[in-house]
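Presented below is the structure to which this report refers.
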Amino acid sequence: MEELRIQYVNLEHQGNHESHYTQGFSSKSLVVRRGAPFKITLLLKGRAFNPHSDTLMFRILLGGLYVEFPVTFSKQGSPSRWSAYFNPKGLNPNSPSLYISSPASSSIGRYSIQLHVLTQHGQQGYTVGDFVLLYNPWCHEDAVYIPFEDQREEYVSKDSGLLYMGTPKNLQSRPWSFDQYEPEILDICLKLLQVSPQHGRNWQKDYLGRADPVYLSRVVSAMINCEDDRGVLRGNWSGDFKNGVPPSKWTGSAAIMRQWAKSKFSPVMYGQCWVFAAVMCTVMRALGIPSRVITNFNSAHDTDGNLVIEEFYSETGKKLSYSKDSIWNFHVWVECWMTRPDLGAQFDGWQVLDPTPQERSGGIFCCGPAPVKAIRDRRVDLVYDIPFVYAEVNADVHTVIVKQGQVLSSSTDTERVGSLIVTKTIGSPRPQNITGNYKPTEAFSGESTHKRGSTQGLSVSLSLLKVPVAGENITFTVMVTNMDSIPKVLREHVNAQTKEYNRCPSDTFWEVHNVIRIAPHEAKAIHHLIDHAQYESLMGDDLVNLAVVMEDESTQERVLASEEFNITSPQLSIQIADEDSVMAHKEHTALVVFCNPFPVPVSGLLTVTGSGLIEGEMHSRIQLFKPGGTMERSFSFIPRMVGKKMLQATLVLKNNSAKIIGYRMISVKSA
122 MEELRIQYVN LEHQGNHESH YTQGFSSKSL VVRRGAPFKI TLLLKGRAFN
172 PHSDTLMFRI LLGGLYVEFP VTFSKQGSPS RWSAYFNPKG LNPNSPSLYI
222 SSPASSSIGR YSIQLHVLTQ HGQQGYTVGD FVLLYNPWCH EDAVYIPFED
272 QREEYVSKDS GLLYMGTPKN LQSRPWSFDQ YEPEILDICL KLLQVSPQHG
322 RNWQKDYLGR ADPVYLSRVV SAMINCEDDR GVLRGNWSGD FKNGVPPSKW
372 TGSAAIMRQW AKSKFSPVMY GQCWVFAAVM CTVMRALGIP SRVITNFNSA
422 HDTDGNLVIE EFYSETGKKL SYSKDSIWNF HVWVECWMTR PDLGAQFDGW
472 QVLDPTPQER SGGIFCCGPA PVKAIRDRRV DLVYDIPFVY AEVNADVHTV
522 IVKQGQVLSS STDTERVGSL IVTKTIGSPR PQNITGNYKP TEAFSGESTH
572 KRGSTQGLSV SLSLLKVPVA GENITFTVMV TNMDSIPKVL REHVNAQTKE
622 YNRCPSDTFW EVHNVIRIAP HEAKAIHHLI DHAQYESLMG DDLVNLAVVM
672 EDESTQERVL ASEEFNITSP QLSIQIADED SVMAHKEHTA LVVFCNPFPV
722 PVSGLLTVTG SGLIEGEMHS RIQLFKPGGT MERSFSFIPR MVGKKMLQAT
772 LVLKNNSAKI IGYRMISVKS A
């Protein structure tokens, strides 16, 4: 009688990927989620399987660690240990199907499968292949389980999103392609874990630690920056980006991660906060942890931990670089969803993780996971990094007017820092205000006092008449009120400086000085205009710091009001032919349209990208076209994936620093 042999093992990629919600991944390996069984089918030769005399034994290996278990006839797998069982629908002795089940607390990573066939005549061993095991937010027993399907769709499955920048009154949404399904990306995410210092120091401890999303998220947070390791990105806030890519030029994660892997894990140049956060979001979604990108507007970096940020102005309204503390107009981090058995169930849920290298945590540049609920409750005694994140959203701002080292006046603003915290709304391009998750709602009004100032006798406020738009003049009003019973002679000093989102302003580019006479109890509006030609060459992604100092000539009292704002860039429009009938693997056409709002002719380079829609990038040079003129370019694309996909277009102009972007979400149907 012939001996039982295995001719072929079918890992049932398609069926397993559908049941494990991993059908989008481009990895050549089987990709499954922990806590759920996956099916394999054996094709035998020699003779049929005899359940009375033959035994199948699996060995599952993660690096040098392994577990062994037999295939049984039980109806389901064990929730607490690795197990395997024959198809409950019946045994085909010539081609048996069986299920392998992992516990919901398994370590994630790339596993190998070995199969041993034990018969009365001995045993035969086979190397079956490998598979990737991910976290499972669909499994109730998994530490990353998130309860609603629309949350899993938005925070795990979705491969594109919006990042919010600018200022609280003028949010700018920047499209980003997370790219977790692009070829090589999942494999690079797994490689990131392999090249981490934790794995190099103690691979066994690291493999076992990957069962815990708290541990893994700290590893990833550190590996996105390169300060302590062979991490993905090098930060650069100098404004000089030679030898690398300016952070504002990146539109997705795949190009960054592929460059990192191709260079044998040399850091990619360059990143800033939103790039660090978006790349971390890619890695976490790829590994199965629900993740979203968060923007904190007016984010404090409190270097001495006293919860006070000091700002200094000259007597003519110029902002000065005197303090080591700083307020970033916005700062971007990640929230990941997980349980916190180390802290207690009341701190389960969203956790702050910040891969931008700012301060060390446990000796390395990473931040979190810090439970959002603990930040709200000011539980600074808990891990990880809650005092630092608490200060980012809660510090007070102490503003001082100085002259030759002498303090002329000062004021405190308790509401500006963390005045608005947002993320993308599920299933919508709108920002979702989550400020109340971080601080009690009665603790903030959303309206900061830095736009107005007052003393006993004088009140001053500053307001923009409309949202500033590139190519247009900036108009604003200074309102001054004399609250005394005597007339006053005032000196008005107004100063405008450009600034990057995380730095003190540069030199003044516009200023005006006036003498104003104001009657008792009079309120007077002073209108100002900054011509577009005075700021256009300075802008790019910069913002404007606008300040007014009103000085009472008789009392020498000074009152400051200030406003920081961004200039709205024009947008590209994208039109899709037959938009309701876009199908996978069929050619379609997109039309990109731009109307020149600038008072001068423009030219530049148009780039179109789209994960799952376009391989790589498409480019088109745009020749000079006149003010008010319209540019149109059409592109063909063949979608390779079903679902909602993002098509992005970016126009980089010559001799103009404005960055012009546009995007369109496309629903791709199966053919």
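Residue numbers (this note's numbering): 122 to 792.
Think of the CB as a built atom: it goes at the ideal place given N, C-alpha and C, for glycine as much as any other residue.
What you are looking at is a predicted structure, and each value in this text was computed from that prediction instead of being measured.
Counting only the Cα atoms, Arg624 lies some 58 Å from Phe179. Secondary structure of Pro691 (DSSP, three-state): coil. Relative to Gly246, the option among Gln325, Ala407, Leu125 whose CA is nearest is Leu125. Counted as a single uninterrupted DSSP element, the stretch harbouring Tyr443 is not any alpha helix (DSSP H), since DSSP gives it neither H nor E.
Spanning the alpha carbons of Pro224 and Gly409 requires a straight line of approximately 15 Å.
As for any alpha helix (DSSP H) of minimum length 4 sitting wholly inside the segment 351-384, the runs are 375-383, ordered along the chain. Assignment of beta-bridge partners to Ser755 by DSSP yields Leu712. When C-alpha distances from Asp498 are compared across Ile485, Cys487, Ala512, the shortest belongs to Ala512.
Nearest to Gly526 by C-alpha distance, out of Phe509, Leu441, Leu164, Pro462, is Leu441. Judged by DSSP in its simplified three-state form, His634 adopts strand. Linking Leu219 to Arg273 through their CA atoms gives a straight-line distance of about 28 Å.
Checking the DSSP bridge columns, you'll see Lys765 partnered with Ser788. Of all alpha-carbon atoms in Ala407, Asp425, Asn357, Val366, the one lying nearest the alpha-carbon of Cys394 is that of Asn357. In this structure, Val455 sits away from Met378, with a CB-CB distance that is not shorter than 8 Å. Looking at the backbone, the Cα of Asn603 and that of Leu474 are separated by about 48 Å. In the DSSP assignment, Ile309 falls within the alpha helix (DSSP H) that extends over 306-315.
Shown here, Ile430 sits in a strand according to DSSP, grouped into three states.
Distances from the CA of Ser201 to each of Pro691, Glu189, Glu262 were compared; the closest alpha carbon is that of Glu262. Between Pro478 and Val238, the alpha-carbon positions lie close to 52 Å from each other. The segment 419-436 and the segment 519-538 touch, with three or more beta-carbon pairs separated by less than 8 Å. Excluding sequence positions up to five before and after Ala779, its CB lies within less than 6 Å of the CB of Ala591, Ser690, all in the same chain and listed in chain order.
Contiguous alpha helix (DSSP H) elements confined to the segment 488-549 occur at 493-497, 507-515, taking only those with 4 or more residues. In the DSSP assignment, Ile647 forms a beta bridge with Val599. Separation of the CB atoms of Leu132 and Gly250 is rounded to 6 Å, and the pair is thereby assigned contact status at 8 Å.
For Ile345, the enclosing alpha helix (DSSP H) has its first and last residue at 334-345. Closest by C-alpha distance to Ser195, out of Asn213, Tyr206, Ile181, is Tyr206. Listed in chain order, the non-local C-beta contacts of Trp381 below 6 Å within the same chain comprise Val353, Val389, local neighbours out to five positions each way being set aside.
Considering only Pro258, Ser683, Tyr336, the residue with the shortest C-alpha distance to Asp534 is Ser683. Excluding its 5 nearest sequence neighbours in each direction, His320 has C-beta neighbours in its own chain below 7 Å: Leu314, Asp327, listed in chain order. For Phe397, no beta strand (DSSP E) segment is defined; the enclosing uninterrupted segment is the alpha helix (DSSP H) at 394-408. Following the DSSP letters along the chain, one finds Arg273 in no beta strand (DSSP E) but inside the alpha helix (DSSP H) bounded by residues 270-273.
When DSSP reads this structure, Trp454 sits in a beta bridge with Ile415. With distances taken between CA atoms, Thr751 lies nearest to Leu693 out of Thr710, Trp458, Leu693, Leu734. Measuring C-alpha to C-alpha distances from Gly392 to each of Arg551, Pro368, Arg638 identifies Pro368 as the nearest. Rounded to whole angstroms, the separation of the alpha carbons of Leu151 and Met704 is 26 Å. If you compare the alpha carbons of Arg537, Gln135, Arg761 with that of Thr556, the shortest gap goes to Arg537.
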